[in-house]
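Here the working numbering runs 1 ahead of the position in the sequence shown, where the first position is 1.
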Amino acid sequence: MKRLTFTRACAVALLLASALQWTPAATAGARKPGNADGAQVSQVIAAFVAAANKGDEHAVAAAFAEHAAIVYNVPPYRWIGAGEIKRFTADLARGRAQQAATDVVLTVNPNKAMFLGGSHAYVSVPATYAYKQQGRPVTEDGVLVFVLDKIAGAWKITSLTWGMVR
Numbered sequence: 002m003k004r005l006t007f008t009r010a011c012a013v014a015l016l017l018a019s020a021l022q023w024t025p026a027a028t029a030g031a032r033k034p035g036n037a038d039g040a041q042v043s044q045v046i047a048a049f050v051a052a053a054n055k056g057d058e059h060a061v062a063a064a065f066a067e068h069a070a071i072v073y074n075v076p077p078y079r080w081i082g083a084g085e086i087k088r089f090t091a092d093l094a095r096g097r098a099q100q101a102a103t104d105v106v107l108t109v110n111p112n113k114a115m116f117l118g119g120s121h122a123y124v125s126v127p128a129t130y131a132y133k134q135q136g137r138p139v140t141e142d143g144v145l146v147f148v149l150d151k152i153a154g155a156w157k158i159t160s161l162t163w164g165m166v167r
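In structure tokens, the structure reads:
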């Protein structure tokens with residue numbers, strides 16, 4: 002029950018945060034994608050998704066800044082700072098093993114909200130996790146929210162949040 006409540010609270014927080022991002026005041030000065038930065042941000046996210054689907058933790062880690070923060074529905078639910086990306090991938094693998102989840106595939110919807118402001122980017126994208134749990138197909142719909150910063154000329158994920166939608 003506590004896990005479900007936490008997950009719902011995260012989903013509500015994400016929806017509220019997304020709603021705030023859509024207000025004119027929140028997006029003043031932000032530019033819509035359609036330029037080289039927007040394409041590069043999209044490439045980083047696509048590389049992250051591809052690496053996650055392959056189980057390539059080194060490529061997953063390469064998409065993140067050293068000081069990144071992650072909020073996800075796997076204990077301990079947040080990872081912040083240097084070295085935490087590797088702990089996140091290990092905790093995620095442990096959670097999948099405990100749930101007997103196999104054949105995990107993350108799919109992102111191409112329809113996304115993206116805002117760019119200087120060397121910062123905010124991207125909210127609908128996503129689906131599909132997997133088998135003890136041989137039965139399961140899907141989880143949600144939203145991935147990325148914050149990226151341009152660091153030394155390269156876009157890196159500085160924040161990733163997964164919010165389930167039920």
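Here a beta-carbon is modelled for each residue, glycine too, at the ideal position from N, C-alpha and C.
C-alpha distance - residue i paired with residue j, whole-angstrom precision
i	j	result
ALA69	ALA51	19 Å
PRO77	THR162	13 Å
VAL75	VAL45	23 Å
SER43	ARG137	32 Å
GLY119	VAL109	25 Å
ASP104	GLY96	14 Å
LYS87	ASN36	32 Å
ASP92	ASN112	29 Å
Short Cβ contact (8 Å threshold) for residue i with residue j
i	j	result
LYS151	PHE65	no
GLY56	LEU117	no
LEU145	ALA128	yes
THR140	ALA131	yes
VAL166	GLY143	yes
PHE83	GLU67	Residue 83 is actually Ala in this sequence, not Phe. The answer is yes: Cβ separation under 8 Å.
Extent of the continuous alpha helix (DSSP H) run through residue i
i	result
GLN135	Here GLN135 belongs to no alpha helix (DSSP H), and DSSP marks it neither H nor E.
VAL42	37-55
VAL61	58-63
ALA83	Neither: ALA83 is in no alpha helix (DSSP H) and is coded neither H nor E.
Extent of the continuous beta strand (DSSP E) to which residue i belongs
i	result
LYS157	155-166
GLY118	114-118
ALA101	No beta strand (DSSP E) holds ALA101; DSSP gives it neither H nor E.
Sequence-distant residues of the same chain with beta carbon closer than 6 Å to residue i, five excluded per side
i	result
ALA63	none
VAL72	ARG79 and THR162
Cβ-based neighbour list, residue i, same chain, cut-off 7 Å, excluding 5 preceding and 5 following
i	result
GLN41	TRP156
GLN134	GLN100, ALA101 and ALA102
Cβ neighbours of residue i in the same chain (closer than 8 Å, five flanking residues each side left out)
i	result
ALA53	VAL61 and LEU107
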